[in-house]
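Here's the structure we're looking at; comments come further down.
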Amino acid sequence: MKAKSPKDSLVINTDQVMINDLNNYNTLFGGVLMKKLDNNATLSARRHARVKECVTASTDSIDFLHPIHQTDSVCVESFVSYTGKKSMEIFCKVIAEDMITGERRMAATAFLTFVALDENKKPIQVPDVVPETEEEKFLYQSGEERAKTRHIRREHSRELTKIIGLEKPWEKEEENYVENISQLG
1 MKAKSPKDSL VINTDQVMIN DLNNYNTLFG GVLMKKLDNN ATLSARRHAR VKECVTASTD
61 SIDFLHPIHQ TDSVCVESFV SYTGKKSMEI FCKVIAEDMI TGERRMAATA FLTFVALDEN
121 KKPIQVPDVV PETEEEKFLY QSGEERAKTR HIRREHSREL TKIIGLEKPW EKEEENYVEN
181 ISQLG
């Protein structure tokens with residue numbers, strides 16, 4: 001399998017901020033931006049792996065650096081920055097541009113992890129990535145450390161799921177209520 005450059009998976013999407021995308025602070029809802037990041041990252045993953053289907057394994061981090069206003073455009077750039085055997089780390093950067101003044105600022109950065117699937121929905125091996133630019137090299141060199149952190153976090157989540165309850169909180173309250181009533185009577 002031939003290694004690929006991050007530019008082979010580069011996806012750039014620019015959009016305007018609509019009034020229904022704003023929160024009560026008149027800035028872009030974080031969830032709206034998260035959807036844009038996931039959409040872009042999915043395309044980068046599919047472009048890198050050249051498969052029909054890639055799934056989000058984790059949203060590793062999103063750092064909101066500056067608010068995005070209705071007068072801004074939102075440009076999301078994403079590309080594969082690091083790969084494991086069957087996983088791809090996608091780096092996303094969000095650039096907000098004030099459409100009146102032309103001022104551009106880094107509004108957010110994010111790392112998401114994707115897995116490519118075959119026609120039977122089984123994970124498959126993905127091509128390696130070979131960084132070229134200074135930015136790509138920095139992201140690639142720090143990628144192994146982020147992969148280790150993801151592995152530790154995933155193990156912690158597996159342990160946590162063994163001890164957290166699946167009960168419906170309202171049913172638990174009902175049981176406590178019935179128990180308290182029976183103790184009174």
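In UniProt numbering, the protein residues as written are 1 to 185.
The C-beta atom is built at its ideal place from N, Cα and C for all residues, glycine as well.
{"Asked": "Kindly confirm or deny that the segment 143-155 and the segment 97-107 touch, where touching means at least three C-beta pairs closer than 8 Å.", "Found": "no"}
{"Asked": "For Ala110, which option in Glu119, Val76, Asp128 has the closest C-alpha, if you only look at C-alpha atoms?", "Found": "Val76"}
{"Asked": "I need the DSSP call for Val130, collapsed to helix, strand or coil.", "Found": "coil"}
{"Asked": "If you measure between the beta carbons of Ser73 and Cys92, is that distance less than 8 Å?", "Found": "no"}
{"Asked": "Of all the options Gln16, Leu139, Thr161, Lys162, which has the alpha carbon lying nearest to the alpha carbon of Thr71?", "Found": "Gln16"}
{"Asked": "Run the CB neighbour count on Glu136, radius 10 Å, all protein chains shown included, and call it buried at 16 or more, exposed below.", "Found": "buried"}
{"Asked": "Measuring straight from C-alpha to C-alpha, what distance separates Ala116 and Gln183?", "Found": "56 Å"}
{"Asked": "Here's the rule I'm using: 16 or more other beta-carbon atoms within 10 Å means buried, otherwise exposed. How should Lys7 be labelled?", "Found": "exposed"}
{"Asked": "Among Pro67, Gln141, Asp118, which one has its Cα closest to the Cα of Tyr25?", "Found": "Pro67"}
{"Asked": "Please classify Val55: is it buried, with 16 or more other beta-carbons within 10 angstroms of its beta-carbon, or exposed?", "Found": "exposed"}
{"Asked": "Cβ of Ala3 within 8 Å of Cβ of Pro123?", "Found": "no"}
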